[in-house]
Amino acid sequence: MGQLGKVVGRIPVRRRAGMGGFSVWTLLVIVVFVIGVALPALRAIPSLVEYFSVKRAASYAKQRAANKREVADFFEKQAAIDRITAVKAEDLLIREDENGTIQSVDFSYRTEVPVYGPLSLLITYSGTQH
Numbered sequence: 001m002g003q004l005g006k007v008v009g010r011i012p013v014r015r016r017a018g019m020g021g022f023s024v025w026t027l028l029v030i031v032v033f034v035i036g037v038a039l040p041a042l043r044a045i046p047s048l049v050e051y052f053s054v055k056r057a058a059s060y061a062k063q064r065a066a067n068k069r070e071v072a073d074f075f076e077k078q079a080a081i082d083r084i085t086a087v088k089a090e091d092l093l094i095r096e097d098e099n100g101t102i103q104s105v106d107f108s109y110r111t112e113v114p115v116y117g118p119l120s121l122l123i124t125y126s127g128t129q130h
């Protein structure tokens, strides 16, 4: 019979070296991966969206403002529009040159993302707008 294996009725059945499909262990690894990696990543998406909003608001404030007070005002207005709660205008580090021109606007903050029960991710965000 050789490669054909056994004959079912009149049709020979070929045996494959490795049958396709998932084993129980493969399924377990996939479930552990989804619970351990993908779920926390999905829960962190809102904080990542807020980070990009903070970055955009800081850039907007730096481009429009002529002094530190205006940077804070523009940032607060944009933060209200984008519903930014992680950073306030007083948290910004605004750097000026000797002429009073805004050189950069820096920010840094931490946010806690709950994952399961008492387990949380602590993420530190920072950025500089030149």
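Using full-length UniProt numbering, you'd call the opening residue of the sequence shown number 1 and step up by one each time.
Using N, Cα and C, we set each Cβ at its ideal position, and we do this for glycine too.
This one's a predicted model, so the numbers in the text were calculated from it and none came from an experiment.
### Message
On the DSSP bridge list, what partners appear for E96?
### Response
According to the DSSP secondary-structure assignment, E96 is paired through a beta bridge with I102.
### Task
State the Cα-Cα distance for the pair D91 and S108, rounded to the nearest angstrom.
8 Å
### Query
Hey, how far is the Cα of I81 from the Cα of G100?
Going from the Cα of I81 to the Cα of G100 covers about 28 Å.
### Task
In the DSSP assignment, find the unbroken alpha helix (DSSP H) run with I84 in it and report its ends.
Looking at the DSSP string, I84 is not in any alpha helix (DSSP H), and its letter there is neither H nor E.
### Task
Find out if the Cβ-Cβ distance for the pair S47, T111 is shorter than 7 Å.
yes
### Query
To which residues of the same chain is residue 132 closer than 7 Å at the C-beta, ignoring the five residues directly before and after it?
Nothing in the structure corresponds to residue 132, since the chain is present only between 1 and 130.
#### Entry: Neighbourhood of V71 by C-beta distance below 8 Å, restricted to the same chain and skipping five residues each side
A61, K62, A65, A89, L92, I94, I102, V105
### Task
Starting from I123, trace the beta strand (DSSP E) both ways and give me its first and last residue.
The continuous beta strand (DSSP E) containing I123 extends over residues 119-129.
### Reduced DSSP category for S47 - H, G, I as helix; E, B as strand; rest coil
helix
### Query
A86: which of K55, P40, V115 sits nearest, CA to CA?
K55
### Query
So what does Y116 bridge to, in DSSP terms?
L119
### Query
Alpha carbon to alpha carbon, how far is E50 from S120?
18 Å
#### Entry: Among D97, P40, L122, nearest to H130 - alpha-carbon criterion
For the residues D97, P40, L122, the minimum Cα distance to H130 belongs to D97.
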